[in-house]
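The working numbering puts the first residue of the sequence shown at 4, with every later residue one more than the last.
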Amino acid sequence: MMEEMIGFVMGNKQRIKILEVIESKGPQPAEKIAKFGRLTAPVVGRTLEEVAGKGLLKETDGVWKFTDLGVELSKELKKRG
């Protein structure tokens with residue numbers, strides 16, 4: 004399961020970028036993720052929905068943050084460097 008999630012994230016530069024922004028800056032609204040990641044709002048919106056659909060992120064009151072699975076995945080990606 005974790006290998007599949009890593010493949011899902013690593014297969015797309017926008018997914019990687021979005022997770023890196025949340026990892027480094029903490030929970031953020033989509034507009035800030037777009038700004039920090041230097042991505043367009045439509046790309047960020049679409050990508051956030053994809054990643055949330057896999058259970059890695061969730062939105063609460065307009066702010067996106069890691070789920071428990073997302074935290075686990077983030078730690079695993081760090082280990083792999």
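Even glycine gets a Cβ: it sits at the ideal position worked out from N, Cα and C.
All values reported here derive from a predicted model rather than from experimental measurement.
In terms of residues, what are the limits of the beta strand (DSSP E) holding residue i?
{"i": "THR50", "result": "Unbroken run through THR50 is the alpha helix (DSSP H), 44-56; no beta strand (DSSP E)."}
Which of the three DSSP states, helix, strand or coil, is assigned to residue i?
{"i": "LEU60", "result": "strand"}
Specify, as a first and last residue, the run of the alpha helix (DSSP H) that residue i falls within.
{"i": "GLY10", "result": "5-13"}
Give every residue of the same chain whose Cβ lies closer than 7 Å to the Cβ of residue i, excluding the five residues on either side of it in the sequence, and list them in chain order.
{"i": "THR50", "result": "GLN17, ARG18 and ILE21"}
{"i": "LYS57", "result": "MET8 and PHE11"}
I'd like to check one pair, residue j with residue i: are the Cβ atoms closer than 7 Å?
{"i": "PRO30", "j": "GLY65", "result": "no"}
{"i": "PHE39", "j": "VAL24", "result": "yes"}
{"i": "LEU76", "j": "LEU59", "result": "yes"}
{"i": "VAL47", "j": "ILE36", "result": "yes"}
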